[in-house]
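Count the sequence shown with UniProt numbering and you get residues 1 to 665, in order. Structure first, commentary second.
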Amino acid sequence: MVHTLPETGQCRVIIERVEPQVNSGRFPVKRTVGEQVAVEADVFTDGHERIHCVLLYRSEHQSAWHKTPMKPVGNDCWQGAFSVHDLGRYYYTVSACVDHFASWSGDLKRRSDPGDIEIALLAGAELIDAAASRAQRSDANRLRFFGKALRSDDDWRVRFDTAFDAELAQLMSRYTDPNLATEYGRELAVVVEPVLARFGAWYEIFPRSCSTEPGCHGTFADCEARLPYIAAMGFDVLYLPPIHPIGTTKRKGPNNTLVAGEQDPGSPWAIGSEEGGHLSVHPELGTLKEFHSLIARAREHKLEIAMDIAFQCSPDHPYVKEHPEWFRHRPDGSVQFAENPPKKYEDIYPFDFESTGWQQLWAELEGVFRFWIKQGIRIFRVDNPHTKSFYFWEWTINSIKRDHPETIFLAEAFTRPKVLHYLAKLGFSQSYNYFPWRNTKYEIVHYLTQLSKGREREYLRPNLWPNTPDILTEYLQYGGRPAFMIRLALAATLGASYGIYGPAFELFENKPREPGSEEYLDSEKYQIRHWDLQQRDSLKDYIARINRIRRENPALQFDHILRFHAVDNESLICYSKNTEDLGNIILVVVNLDPHHIQSGWLDIPLDTFGLDVDHSYQVHDLLSNARFIWNGPRNYVELDPRIVPAHIFRLRRRVRSERDFDYYM
1 MVHTLPETGQ
11 CRVIIERVEP
21 QVNSGRFPVK
31 RTVGEQVAVE
41 ADVFTDGHER
51 IHCVLLYRSE
61 HQSAWHKTPM
71 KPVGNDCWQG
81 AFSVHDLGRY
91 YYTVSACVDH
101 FASWSGDLKR
111 RSDPGDIEIA
121 LLAGAELIDA
131 AASRAQRSDA
141 NRLRFFGKAL
151 RSDDDWRVRF
161 DTAFDAELAQ
171 LMSRYTDPNL
181 ATEYGRELAV
191 VVEPVLARFG
201 AWYEIFPRSC
211 STEPGCHGTF
221 ADCEARLPYI
231 AAMGFDVLYL
241 PPIHPIGTTK
251 RKGPNNTLVA
261 GEQDPGSPWA
271 IGSEEGGHLS
281 VHPELGTLKE
291 FHSLIARARE
301 HKLEIAMDIA
311 FQCSPDHPYV
321 KEHPEWFRHR
331 PDGSVQFAEN
341 PPKKYEDIYP
351 FDFESTGWQQ
361 LWAELEGVFR
371 FWIKQGIRIF
381 RVDNPHTKSF
391 YFWEWTINSI
401 KRDHPETIFL
411 AEAFTRPKVL
421 HYLAKLGFSQ
431 SYNYFPWRNT
441 KYEIVHYLTQ
451 LSKGREREYL
461 RPNLWPNTPD
471 ILTEYLQYGG
481 RPAFMIRLAL
491 AATLGASYGI
501 YGPAFELFEN
511 KPREPGSEEY
521 LDSEKYQIRH
531 WDLQQRDSLK
541 DYIARINRIR
551 RENPALQFDH
561 ILRFHAVDNE
571 SLICYSKNTE
581 DLGNIILVVV
591 NLDPHHIQSG
601 WLDIPLDTFG
611 LDVDHSYQVH
621 DLLSNARFIW
631 NGPRNYVELD
641 PRIVPAHIFR
651 LRRRVRSERD
661 FDYYM
């Protein structure tokens with residue numbers, strides 16, 4: 001940002017540190033429909049005169065600015081806010097000027113000599129006349145009325161009182177001199193996305209494993225039949241790994257073996273064959289028409305389909321023959337396969353974003369998104385975006401969102417922190433993150449505090465996943481069924497958005513391919529699996545209960561209101577979320593030890609929740625439906641992980657009724 005002098009030396013106000021902004025306004029902040037954008041700025045002037053400061057905002061579809069006053073909160077800091085109601089972009093900035101009328105009014109209050117007051121009233125009348133010349137007709141008439149009143153022959157005491165009329169103050173604030181205003185000098189942007197970009201529960205399945213017949217390749221129709229099961233657990237998004245044709249060259253076998261048998265289906269991420277590429281569906285899954293049916297049936301169950309976009313190709317993909325310039329070649333002329341030494345992925349070729357044909361490549365890949373949007377897809381989970389050009393993502397996401405602002409992009413970016421953050425800045429709606437490996441109380445408190453309270457909360461929305469097809473953590477491998485219950489409770493209540501890879505999760509699949517590996521034994525990435533959804537100890541009812549709690553309690557639908565509270569046991573973690581009006585207060589306690597009963601004393605800051613230390617209050621455990629009466633800030637809890645490892649309390653305050661009896665709300 002280049003700082004220049006104002007066009008006129010009459011401007012005297014300085015505006016600094018306007019927040020929120022990302023990279024000095026290089027990137028937009030993020031909100032969802034219905035949220036507020038709270039803006040803060042340092043605003044001051046020379047001397048001791050009052051300041052008139054306004055927040056200007058407009059949607060991208062409007063040319064005129066809306067104005068809302070900003071209020072001083074001390075130390076030359078001013079705050080204001082506006083709400084966003086339309087998808088797309090809004091713009092905001094700050095304007096301020098010396099408020100000569102407010103300064104005059106404040107000075108007048110301190111005067112006591114009638115002679116001084118008489119002269120001051122005449123000076124005030126001149127300020128009012130000047131404002132009347134800038135005002136609209138009806139307002140101008142009212143201002144002239146006040147100007148005449150200050151010059152009238154009435155007793156000075158009457159005119160003194162008129163000077164402080166509330167209507168006059170409002171009119172003068174409305175018609176400050178625009179020639180004296182200092183503009184911040186930059187329009188900052190906010191991207192407004194659907195609520196589902198902020199709050200939602202995701203469920204991942206492999207359609208090819210949805211058949212009820214063991215060993216049979218599942219279809220979109222089989223996936224449709226699974227919808228009632230998924231909807232009953234209360235999920236919002238059904239995420240499908242790639243649904244495209246799978247290559248045969250260098251196809252991987254079970255457990256990522258290098259040699260596949262004739263019946264082995266290969267990895268869905270090895271995209272492309274003679275049957276088509278990124279714009280085609282795997283023939284064994286069904287047809288495009290049947291995919292349309294799945295999307296429609298899912299919406300009937302209040303589920304949105306999220307589609308995996310993986311920009312890589314099997315050696316058999318049509319792009320390899322049609323556009324060899326889009327791939328990097330080795331000295332022997334062969335196409336360079338994907339590598340992450342010592343790992344080799346001979347079944348996929350990465351695109352070369354330094355290709356001389358990069359413009360055609362960008363256009364083609366952006367067209368992949370547009371094709372699937374036409375088929376009815378609104379949500380994309382993007383595979384390994386950190387291995388593709390950042391500038392490509394910024395261009396593509398901005399281009400798509402200009403035409404389809406309802407689109408949501410989830411970045412699968414398990415990568416270095418700065419890279420993960422940059423992807424979020426340039427447009428991804430949500431981000432995978434390091435939650436799967438944060439297991440101790442210290443790790444969880446430190447990491448989630450950073451995500452919910454740090455500057456990144458303006459642009460990075462975490463989506464918390466305890467497991468994925470690539471990630472079976474050591475905690476889940478050795479913690480048994482309680483470990484899955486613990487991680488589910490944490491993900492679903494710490495984060496407004498979370499997801500699980502099922503049915504592996506609800507059936508607590510925990511066998512690694514080999515010791516020390518996070519790969520599943522017999523991973524669905526390489527073979528078809530058959531799942532017993534009626535397994536007696538399935539976690540499906542537990543998951544459904546927690547998702548219902550999330551939907552019924554607005555406090556759990558935001559991230560920035562997360563607070564951690566003291567508990568005198570390192571194996572217990574306690575935190576809360578509440579709505580701004582304190583109408584919904586949720587307190588969560590989780591036993592992080594999947595093997596032992598843990599107990600401890602909580603310290604709850606009652607004043608934070610508007611609770612009186614001298615009165616009892618009710619805690620309603622939404623998981624067990626048990627209710628307890630607590631007194632004071634310090635209370636005892638005990639959790640057995642083999643039964644239920646968490647309390648999800650709703651705090652209810654005691655209220656005195658008109659009939660003089662107590663009840664809890």
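Cβ coordinates follow ideal geometry from the N, Cα and C atoms, glycine included. Because the structure is a prediction, the values reported are computed rather than measured.
_Chain-order list of residues whose beta-carbon lies under 8 Å from that of isoleucine 500 (same chain, five-residue window excluded)_ = Here residue 500 corresponds to residue number 500 of the sequence shown, with the count starting at 1. Taken in chain order, the residues that qualify are Trp202, Tyr203, Glu204, Trp465, Pro466, Asn467, Leu488, Ala491, Glu506, Ile543.
*Identify which residue in Pro228, Pro436, His282 has its Cα closest to the Cα of proline 242.*
Here residue 242 refers to the residue found at position 242 of the sequence shown. Of the listed residues, the one whose Cα sits closest to proline 242 is His282.
*Skipping 5 residues on each side, what residues in its chain have a beta carbon closer than 7 Å to that of leucine 533?*
Mapped onto the sequence shown, residue 533 falls at position 533. So the list reads Tyr229, Pro503, once near-sequence residues are dropped.
*asked:* Nearest by alpha-carbon distance to valine 94: which of Ala197, Ile128, His52 is it?
replied: To locate residue 94, count along the sequence shown from 1; it is residue 94. Nearest option by C-alpha distance: His52.
*Delimiting residues of the beta strand (DSSP E) encompassing isoleucine 15*: Against the sequence shown, residue 15 aligns to sequence position 15. Note, isoleucine 15: beta strand (DSSP E), 13 to 19.
*Identify whether isoleucine 117 lies in helix, strand or coil by the three-state DSSP scheme.*
Numbered from its first residue, the sequence shown carries residue 117 at position 117. When secondary structure is reduced to three states using DSSP, isoleucine 117 falls in the helix class.
*Out of Ala232, Ala221, Gly47, state which residue places its alpha-carbon closest to the alpha-carbon of histidine 292.*
Mapped onto the sequence shown, residue 292 falls at position 292. For the residues Ala232, Ala221, Gly47, the minimum Cα distance to histidine 292 belongs to Ala221.
_Cβ neighbours of tyrosine 434 in the same chain (closer than 7 Å, five flanking residues each side left out)_ = Residue 434 sits at position 434 when you count from the first residue of the sequence shown. Closer than 7 Å at Cβ, skipping near neighbours: Tyr447.
*Residues in its own chain within less than 6 Å of arginine 198 by CB, not counting five upstream and five downstream?*
By 1-based counting over the sequence shown, the position of residue 198 is 198. Residues Thr32, Ala496 of the same chain have their beta carbon placed closer than 6 Å to that of arginine 198, with the five preceding and five following residues left out of the count.
*Taking Cβ positions, are histidine 596 and proline 633 nearer each other than 9 Å?*
Along the sequence shown, read from residue 1 onward, the residue named residue 596 stands at position 596. Along the sequence shown, read from residue 1 onward, the residue named residue 633 stands at position 633. The criterion of a C-beta distance shorter than 9 Å is not satisfied by histidine 596 and proline 633.
*Is proline 178 helix, strand or coil when you go by DSSP?*
Position 178 of the sequence shown, counted from the first residue, corresponds to residue 178. Note: proline 178 maps to helix in three-state DSSP.
_Counting C-beta neighbours from all protein chains within 10 Å, is the total for valine 158 16 or more, i.e. buried, or is it exposed?_
For the purposes of this step, residue 158 is taken as residue 158 along the sequence shown, with counting starting at 1. A residue is called buried when at least 16 other Cβ atoms come within 10 angstroms of its Cβ; valine 158 does not meet this threshold and is exposed.
*Output the residue ranges of the alpha helix (DSSP H) runs that lie fully inside the region 512 to 536 and measure 4 residues or longer, sorted by chain position.*
Whole alpha helix (DSSP H) segments, 4+ residues: zero.
*Same chain, Cβ closer than 8 Å to valine 37, five either side skipped, listed in chain order*: Counted from its first residue, the sequence shown places residue 37 at position 37. If we look at valine 37 and ignore the five residues flanking it on each side, its Cβ neighbours are Pro20, Val29, Arg31, Tyr57, Ala81, Phe82, Ser83, Val84, Tyr90, Tyr92, Val190.
*asked:* Is it the case that the region 236 to 250 contacts the region 298 to 312, given that we only count it when at least three CB pairs across the two stretches are under 8 Å?
replied: Yes: at least three Cβ pairs fall under 8 Å.
*For the putative contact between phenylalanine 409 and serine 429, defined by C-beta atoms under 8 Å, what is the C-beta separation to the nearest angstrom?*
The residue given as residue 409 occupies position 409 in the sequence shown. The residue given as residue 429 occupies position 429 in the sequence shown. With 8 Å as the limit, phenylalanine 409 and serine 429 qualify as a contact, their Cβ atoms being about 5 Å apart.
_Quick check: what's the CA-CA separation for tyrosine 663 versus glycine 600?_
The residue labelled residue 663 in the question sits at position 663 within the sequence shown. The residue labelled residue 600 in the question sits at position 600 within the sequence shown. Residue placement at tyrosine 663 is poorly supported in this model, since its pLDDT is 49, which falls under 50; the coordinates still yield a value, given next. Straight across, the Cα-Cα distance linking tyrosine 663 with glycine 600 is about 28 Å.
*Burial state of threonine 440, where buried means 16 or more other Cβ atoms lie within 10 Å*: Looking up residue 440 in the sequence shown gives position 440. So threonine 440 ends up on the exposed side.
*Taking Cβ to Cβ, would you say alanine 132 is nearer than 9 Å to tyrosine 175?*
Here residue 132 corresponds to residue number 132 of the sequence shown, with the count starting at 1. Here residue 175 corresponds to residue number 175 of the sequence shown, with the count starting at 1. Yes, the Cβ-Cβ distance between alanine 132 and tyrosine 175 is below 9 Å.
*Only counting runs of 3 or more residues, tell me where the beta strand (DSSP E) segments fall wholly within the region 385 to 425, in order along the chain.*
The region 385 to 425 contains these whole beta strand (DSSP E) runs: 408 to 412.
*Of the listed residues Ala166, Ala338, Leu55, nearest to lysine 67 (C-alpha basis)*: For the purposes of this step, residue 67 is identified with residue 67 of the sequence shown, where counting begins at 1. Considering only alpha carbons, the answer is Leu55.
_Considering just the uninterrupted stretch of the alpha helix (DSSP H) at glutamate 290, what are its terminal residues?_
Position 290 of the sequence shown, counted from the first residue, corresponds to residue 290. Unbroken alpha helix (DSSP H) run through glutamate 290: 288 to 300.
*Alpha carbon of glutamate 509 to alpha carbon of glutamine 527, nearest angstrom*: Along the sequence shown, one-based indexing puts residue 509 at 509. Along the sequence shown, one-based indexing puts residue 527 at 527. Rounded to whole angstroms, the separation of the alpha carbons of glutamine 527 and glutamate 509 is 15 Å.
_For isoleucine 471, tell me which candidate among Ser517, Gly454, Arg455 has the shortest Cα-Cα distance._
By one-based count along the sequence shown, residue 471 stands at place 471. Selected option, being the one with the closest Cα: Ser517.
*Terminal residues of the continuous alpha helix (DSSP H) containing residue 670?*
The requested residue 670 does not occur in the structure, where the chain is confined to residues 1 to 665.
*Could you say which of Gly583, Val637, Ala626 lies nearest to isoleucine 604 if we only look at CA atoms?*
Here residue 604 is taken as the residue at index 604 of the sequence shown, counted from 1. Isoleucine 604 has its Cα closest to that of Val637, out of Gly583, Val637, Ala626.
*Taking just the CA atoms, how far does glutamate 49 sit from aspartate 42?*
Taking the sequence shown and counting its residues from 1, the one referred to as residue 42 is at position 42. Taking the sequence shown and counting its residues from 1, the one referred to as residue 49 is at position 49. Distance between the alpha carbons of aspartate 42 and glutamate 49 is about 16 Å.
_Tell me which residue opens and which closes the beta strand (DSSP E) that threonine 68 is part of._
Residue 68 sits at position 68 when you count from the first residue of the sequence shown. That run of the beta strand (DSSP E) goes 66 to 69.
*Can you find at least 3 beta carbon pairs, one from the region 609 to 625 and one from the region 644 to 654, that sit closer than 8 Å?*
Three or more beta-carbon pairs drawn from the region 609 to 625 and the region 644 to 654 are found closer than 8 Å, and the two stretches are therefore classed as touching.
*To the nearest angstrom, how far is it from the Cα of serine 523 to the Cα of leucine 476?*
For the purposes of this step, residue 523 is taken as residue 523 along the sequence shown, with counting starting at 1. For the purposes of this step, residue 476 is taken as residue 476 along the sequence shown, with counting starting at 1. Cα to Cα, serine 523 sits roughly 15 Å from leucine 476.
_Contact check, aspartate 129 vs leucine 143, beta carbons under 9 Å_ = Taking the first residue of the sequence shown as 1, we reach residue 129 at position 129. Taking the first residue of the sequence shown as 1, we reach residue 143 at position 143. For aspartate 129 and leucine 143, yes; Cβs fall inside 9 Å.
*asked:* Quick check on the DSSP output: the alpha helix (DSSP H) that includes methionine 485 runs from which residue to which?
replied: Sequence index remark: in the sequence shown, residue 485 carries index 485 (1-based). Residues 474 to 494.
*Specify, as a first and last residue, the run of the alpha helix (DSSP H) that alanine 232 falls within.*
Walking along the sequence shown from the start, residue 232 turns up at place 232. Note, alanine 232: alpha helix (DSSP H), 220 to 232.
*For serine 616, I'd like the list of residues in its chain whose CB is within less than 7 Å of its CB, leaving aside the five on either flank, ordered along the chain.*
Residue mapping note: residue 616 aligns to position 616 of the sequence shown, counting from 1. These residues qualify, in order along the chain: Ile629, Trp630, Asn631, Arg654.
*Can you tell me the Cβ-Cβ gap for glycine 272 and tyrosine 345, rounded? I've got them flagged as a contact below 8 Å.*
Along the sequence shown, read from residue 1 onward, the residue named residue 272 stands at position 272. Along the sequence shown, read from residue 1 onward, the residue named residue 345 stands at position 345. For a cut-off of 8 Å, the C-beta gap from glycine 272 to tyrosine 345 is around 14 Å, too long to register as a contact.
_Length-filtered (3 minimum) beta strand (DSSP E) runs lying within the region 543 to 617_ = Unbroken beta strand (DSSP E) runs of no fewer than 3 residues, entirely contained in the region 543 to 617, are found at 563 to 567, 572 to 578, 585 to 591, 598 to 603, following chain order.
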